[in-house]
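Presented below is the structure to which this report refers.
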Amino acid sequence: MLRKVLVANRGEIARRIIRACRQVGAATVAVHSDVDRDAPHVADADEAVLIGPAPARESYLDVEAIVDAARRTGADAVHPGYGFLSENWRFAAACADAGLVFIGPSPEAIRLMGDKTEARRVMQAAGVPVVPGSAGEVADVEEAGRVADAVGFPVILKAAAGGGGIGMARVAKPGDLPGAFATAQRRAEAAFGRGALYVERYLERARHVEVQVFGDARGTIVHVHERECSIQRRHQKLVEESPAPRLAPEVKRGLTEAAVNGARAIGYTSAGTVEFLVDAAGGFYFLEMNTRLQVEHPVTEEVTGLDLVVAQLRVAAGEPLPWRQEEIAQRGAAIECRVYAEDPARNFLPSPGTITKLELPGGEGIRVECGVVAGSTVSVHYDPLLAKIIARGDGREQAIERMARALDACVVEGVRTTLPFLRRVMAHEAFRRGEVNTQLVEQGAFNA
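Oh and the sequence shown: position 166 is 168 in the working numbering, straight run, nothing missing.
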C-alpha cells in the first residue's frame, strides 16, 4: 500500500482525499498557497508545505514546486484531485519521472482525452457515437462555416485543448459565427494556451448524462453506473444525481457499454468519467472523457456503497479492482447540490469575502463535503465552491425531500451563495418530474 500521499489540491476535495488516505493508513502531505496557510485542508493533513503565492499559476499549478514538495517530504505518491493539474499529462509524467506514483490514469490516456478532437477520433474508432461535427480542428472561421452548413445550425464551438465547458460558444445562425469564433478562440488561448477550435452540432434540449468508469493495471474495466448532470450554468454543473431519472433501460445499457468500450480502447486505469449528451429520442453522443475523479463522485458512492477514492489508492498501489461488474448495483437514489460563493441574481458572479457564519445540515441520509469553516476567506484566485450537500433516499422523491430540508438548514453568511437557487430547483415541478435538460437554467426556469 502507499505510505505517504501528497494531495496536490485544496478545499473540500483535498479534505476528502486526506480522509481516504487515513482510512487505508497512508500519511498525508498538504500543499498550500500563502493565502491558504490556515485553510482546513492544511490542518487536516499530517504535514503541509507552502508552494507559492495566491495566484494558482504560481502555486497549485506549479508542477516543479509540487514535485519538489513531494520529494522533500518523502511522499511516494501524488493525488491530484480534480481541477488544477488533475488532467495535465505533463504533470503526471513529471511525477513518474520523479519516481512518484500518480494516482490517476497514465500520462498517455490523459493526453489523448485532453485533446478533444483526438478524443473524438479515438471514441469513434471504439464504436462510441459522437456528435456530428468537424473531423478535427478547423483552420479558420471559413472552414468552421462550411462544417456548420453541413451539420446544420445551431452549432457549438469548442476548444480543442479544453474541457469543463470553458471557451464554448453557441452559434445560432451564420451571421453570428465570425464574432463567436473570435471570442471562443481568445478564451481558449487564455485558458489552455492554444486557441484551436472544433465544431459540433448543438443539440437542443439535450440531457447531460455521464458514466463512471474504473480500471486497474490488469486491464479490468467496469462501469459504476450513470449520473444525471443537466442542471448547469455556463456548461458548469450545479446539481447531479444517480440514477438518472426517466432514462430508458436500453439507453442506459448503450451508455454504459459505450463508456466501458471507450475506456478499454485507451487502456484506462483509475477513476474516470465518460460524458454524453442524450437527445429527446434517446440517441446519445460522446461529449468528453474526464480523466480524473469528478466533483460529483459522492452520488455514485451513496447509491453503490463503494468508496471510489479508497479504490483509487488501492489501484494506484498495484492492487486489482476490488469489485466485479455484477457486484456493482444501484440502491435508492442520491442527489448532490453544489454550494458556490456566487450570486444567482447576478448571473452567478463570484462573491468573494469572509464567511462570518456557517451552519451545515445533517440527519439521516445527508452527507456534506465542505472545504471552509466560519472565518474562511473566499479568494478571488480559486474556484468558489464552498461545499457539496448530498442527500440519499430509498427513492428519488425521498432524496429530493431530504435535500430540500438540508438546503433550508444550511446557513452561510458573509458571502452570497447558490443556496436560494438550489432551493428553487428542488421545488420546481419539472425537476421533481425528472424532466431536465441542459438549457433550463439559461432559459430562466429557476429564476426567483
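Just so it is clear, CB atoms sit at the ideal spot from N, CA and C, and this is done for glycine as well.
Element boundaries [beta strand (DSSP E), containing Cys372]:
Ile368 to Cys372
Three-state secondary structure (DSSP) at Leu310?
helix
Within 10 Å of its beta-carbon, does Gln296 have 16 or more other beta-carbons around it, so buried, or fewer, so exposed?
buried
What does the Cβ neighbour count give for Met405, buried or exposed, with the cut at 16 atoms within 10 Å?
buried
Which residues bound the alpha helix (DSSP H) around Asn263?
Looking at the DSSP string, the run of the alpha helix (DSSP H) that includes Asn263 is Pro251 to Ala267.
Leu159: which of Arg113, Val253, Leu289 and Gln314 sits nearest, CA to CA?
Leu159 has its Cα closest to that of Leu289, out of Arg113, Val253, Leu289 and Gln314.
Proximity winner among Glu191, Gly129, Ala146 and Thr275, relative to His210 (alpha-carbon distances)
Thr275
Let's test the definition: count the other Cβ atoms within 10 Å of the Cβ of Val375 and tell me whether it reaches 16, buried, or not, exposed.
exposed
With 16 as the cutoff for other CB atoms within 10 Å, does Met115 come out buried or exposed?
buried
Report the residue ranges of all beta strand (DSSP E) runs contained in full by the stretch 43 to 89; include only those spanning at least 3 residues, in chain order.
49 to 54 and 79 to 81
On a CA-only basis, which of Gly355, Val133, Gln327 and Val149 is nearest Val224? Give me that one, please.
Gln327
Using only CA atoms, which one of Gly177, Leu442 and Ala450 lies nearest to Arg425?
Ala450
DSSP state of Ala246 mapped onto helix, strand, coil:
Coil.
Suppose the cutoff is 6 Å on Cβ atoms and the five residues either side in sequence are ignored; what does the same chain contact list for Leu323 look like?
Asp218 and Thr222
Output the boundary residues of the alpha helix (DSSP H) element that contains Met428.
Leu421 to Ala429 is the extent of the alpha helix (DSSP H) around Met428.
Bridge-paired residues (DSSP) for Pro352:
Paired residue(s): Glu344.
Is Ile68 closer than 9 Å to Ala47 when the C-beta atoms are compared?
Ile68 sits away from Ala47, with the two beta carbons spaced by 9 Å or more.
At what residues does the alpha helix (DSSP H) containing Gln187 begin and finish?
Leu179 to Phe194
Would you say Met346 and Pro247 are within 9 Å of each other, going by their C-beta atoms?
It should be pointed out that residue 346 corresponds to Pro in this sequence rather than to Met. No, these two residues do not count as a Cβ contact at 9 Å.
Return the residue from the list Met291, Gln214, Ala29 and Gly355 that minimises the CA-CA distance to Gly377.
With distances taken between Cα atoms, Gly377 lies closest to Gly355.
Count the other C-beta atoms from every protein chain shown that fall within 10 angstroms of the C-beta of Pro82, then say buried if there are 16 or more, exposed otherwise.
buried
Meets three-Cβ-pair contact criterion under 8 Å: the stretch 30 to 41 and the stretch 3 to 12:
Contact holds: three or more Cβ-Cβ distances are below 8 Å.
Hey, Arg420 and Tyr342: beta-carbon distance below 9 Å or not?
First, the amino acid is wrong: residue 420 is Thr here, not Arg. Going by C-beta atoms, Thr420 is nearer than 9 Å to Tyr342.
Should Leu360 be counted as a contact of the ligand PLP given a C-beta to heavy atom distance under 8 Å?
Here there are no bound small molecules, and the ligand PLP is not part of this structure.
Taking the alpha-carbon positions, what's the Gly181 to His383 distance?
29 Å
Identified DSSP bridge partners for Arg229
For Arg229, which the question treats as bridged, DSSP gives the partners Glu212.
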